[in-house]
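The structure under discussion appears below in the form of structure tokens.
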Amino acid sequence: MRTLYLCLFVFATLPIFAAENQPLLTPEKWPASFTGKHAASFYSIDATAFSQARSLADDESIMLTVQLPKLGTVEIRASRFRVIDEQTTITAMTANGPMPVPPPQSVLLRGRIIDIPDSYVILAVYPNWCTGFITTGPLALNRTYRISPLSNGSGKQTMVVYDGTDVPSVNDWNCGTLDPTDVHTPSEKNADGPQAVTFRQIKLSIECDEPFYIDHGRDLTKATQYAEAVVAASSAIYERDVTATHTIGSLMVWTTTDPYTSNLPDEMLVQFRDRWRTLNGTVNRSVAHLFSGVNNIGGIAYVDQLCNKQWGYAVVGTNNNVTYPAAGYVWDTDVFSHELGHNVGSPHTHSCTWNPPIDSCYTAEGSCFTGTKATKGTIMSYCHLTAQGTELVFHSRVVTLMKNKLNASACTPLISLFDLTVPASVSVCNGNPTSITATATGGTGM
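If you use the numbering used here, the sequence shown closes out at 1398, no skipped numbers anywhere.
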């Protein structure tokens, strides 16, 4: 008999958050300063509704009404989630040494458009601004709408919602990760894994270099908000596609000269790896990533290195520009999710180790094909370098591989979320989560 220990986070069934008819996103008039020549809608954050939304329990729902250009007004049902909790440590590395930093005041939401199957919504909301994106799915022409602030000031911001195809962007980052010599790709039937309500939790250590901090105007609040927002978007994607979520165990931001002297991604990875091997061997984590503001470095990671404190590292070159018309948030979500996918165990989709390769958007990693053929790509592809572009999803064959890797990992524990209807005779405070620890016999998970 094998004993299985699970942490089960239990919540009472709660009503949909209404905020006394006060919408979290307040419609705004077309700003006189807006120079875009395309359809758009505009919103600001309502302070009262934001304060009320901060009391939402994990997985509690909120209703949003948004005007999507070319599609019309839609109703969105989104649920709150978190990537920072009470155990997360946030530190500023200052000229005077390490200083503790309070967590960002945020409302992270993921959900979908009501009545549009396969749509997806990701939104990171802060007191004065928000960023996110909405994908409509194949029944609504696979449009991707971006939600971006019009400026990066410190006061209340106006956000613009627009179709990403109306503002073409150059997304030319490259990944320096080397192709593995062999990949065992199990069949779909071997990847059943946990049920939809059960997730593997990837615990991340995130370090942000000084150029990252400079990119955010040397504003520590904005820097920590953005790091959280990128991890949150990736977590929502991983939850949807590979039943895994992210939690930030530690977040560090350099506000003074950082120790990474190279501007080359492969050398930065070695410097980051060696520093963490020496100084942070006891830090509990699945992997560690360096978010870097150094321009045009793309990303690089060690493949199939979950739980490995010798090799579980990656460097993520973040664009850091979410202000319209830049698409930095979408790009940074893509590159971070891509490099983490390598850590979990996935090669590029144009790698011959897939046998056959998933796509041929880029020169073969191996000798299984010659020439290239552009197609709509996925997160582990290089199709963003073609006119076809990339969707923020994992290919089904990548999903199979990653689920198996995560299920076999010793440092990605099972986290189960479910609704519990409490009898009327039991007193439960609305919005207060209760945790229990259960012991199950049988099973093969961690």
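Backbone N, C-alpha and C fix where the C-beta goes; we use that ideal spot for every residue, glycine too.
From a predicted model like this one, the values you see are computed outputs, not experimental measurements.
Residues in the same chain with beta-carbon distance under 7 Å from residue i, minus the five sequence neighbours each way, listed in chain order, please.
i	result
residue 1309	1301, 1302, 1303, 1316, 1320 and 1321
residue 1191	1151 and 1197
residue 998	974, 975, 976 and 978
residue 1034	1010 and 1060
residue 1274	1083, 1100, 1101, 1280 and 1281
residue 1345	1193, 1330 and 1331
residue 1172	1044, 1053, 1205 and 1207
With burial defined as no fewer than 16 other Cβ atoms inside 10 Å of the residue's Cβ, what is the status of residue i: buried or exposed?
i	result
residue 1261	buried
residue 1006	exposed
residue 990	exposed
residue 1087	buried
residue 1234	exposed
residue 982	exposed
residue 1046	exposed
residue 1038	exposed
residue 1062	buried
residue 986	exposed
residue 1236	exposed
residue 1051	exposed
residue 1065	buried
residue 1069	exposed
residue 1202	buried
residue 1293	buried
residue 1229	exposed
residue 1211	exposed
residue 1356	buried
residue 1090	exposed
residue 1145	Caution applies to residue 1145, whose pLDDT of 36 falls short of 50 and renders its modelled position unreliable; the model cannot decide the point.
residue 1027	exposed
residue 1025	exposed
With DSSP as the reference, label residue i as helix, strand or coil.
i	result
residue 1101	strand
residue 1235	coil
residue 1229	helix
residue 979	strand
residue 1316	coil
residue 1223	helix
residue 1336	helix
residue 1077	strand
residue 1304	helix
residue 1283	helix
residue 1032	strand
residue 1172	helix
residue 994	strand
residue 1107	coil
residue 1166	helix
residue 1072	strand
residue 1189	helix
residue 1329	strand
What are the boundary residues of the alpha helix (DSSP H) that includes residue i?
i	result
residue 1023	Where residue 1023 is concerned, there is no enclosing alpha helix (DSSP H), given that its DSSP letter is neither H nor E.
residue 1002	999-1005
residue 1360	1348-1360
At which residues does the beta strand (DSSP E) containing residue i begin and terminate?
i	result
residue 1113	1111-1115
residue 1051	1049-1052
residue 1059	1059-1065
residue 1083	1082-1087
residue 1252	1251-1253
Between which residues of its own chain and residue i is the CB-CB distance below 6 Å, once the five residues before and five after are set aside?
i	result
residue 1248	none
residue 1256	1297
residue 1078	1058 and 1177
residue 1174	1168
residue 1271	1280, 1283 and 1284
residue 1118	990
residue 1092	1068
residue 1040	1200
State the beta-bridge partners of residue i as determined by DSSP.
i	result
residue 1159	1204 and 1242
residue 1198	1154
residue 943	This structure cannot speak to residue 943, because the chain is shown only from 953 to 1398.
residue 1019	1025
residue 1009	Beta-bridge pairing links residue 1009 to no other residue.
residue 1044	1051 and 1205
residue 1342	1329
residue 1259	DSSP output for residue 1259 lists no bridge partner at all.
residue 1127	1251
Who are the Cβ neighbours of residue i in its own chain at under 8 Å, not counting the five residues just before and after it?
i	result
residue 1214	1220 and 1223
residue 1342	1123, 1286, 1328, 1329, 1330, 1331, 1333, 1335 and 1336
residue 1268	1241, 1242, 1243, 1244, 1251, 1284, 1287, 1288 and 1291
residue 1350	1293, 1298, 1301, 1310, 1330, 1331 and 1332
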